[in-house]
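Peer 1:
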Amino acid sequence: MGLTPGQLAALKNLARKKAGEAVDWINIADARGLTDLGLAERNGGGWVITTDGLSALASHEGKGVD
39 MGLTPGQLAA LKNLARKKAG EAVDWINIAD ARGLTDLGLA ERNGGGWVIT
89 TDGLSALASH EGKGVD
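Numbering (the working numbering), first residue to last: 39 to 104.
1) Bridge partners of residue 65, per DSSP?
2) Give the DSSP-derived three-state secondary structure of residue 78 in the structure shown.
3) Rank 56, 57, 69 and 86 by C-alpha distance to the C-alpha of residue 44 and give the top, closest one.
4) How about residue 87 and residue 53: are their beta carbons less than 7 Å apart?
5) When DSSP builds the beta bridges, which residues end up paired with residue 84?
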């Protein structure tokens, strides 16, 4: 799956947010793109990563490309 650099950065931020870390702001356009791909969703607490998003990030990081 091809993600833009901005989408990848947003996905990494969302993963860190899920882990309880403080994160930088997340670009709305990138987050919406992730939502369209099923990798993130918006709820009352803001943008959150989905299980598919976590899997996509793990797959991306497993390729050794950052």
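Ideal Cβ positions, reconstructed from N, Cα and C, are used throughout, including at glycine.
This one's a predicted model, so the numbers in the text were calculated from it and none came from an experiment.
Peer 2: In terms of the structure at hand:
1) None, per the DSSP bridge assignment.
2) strand
3) Among 56, 57, 69 and 86, the Cα nearest to that of residue 44 is on 69.
4) yes
5) 81
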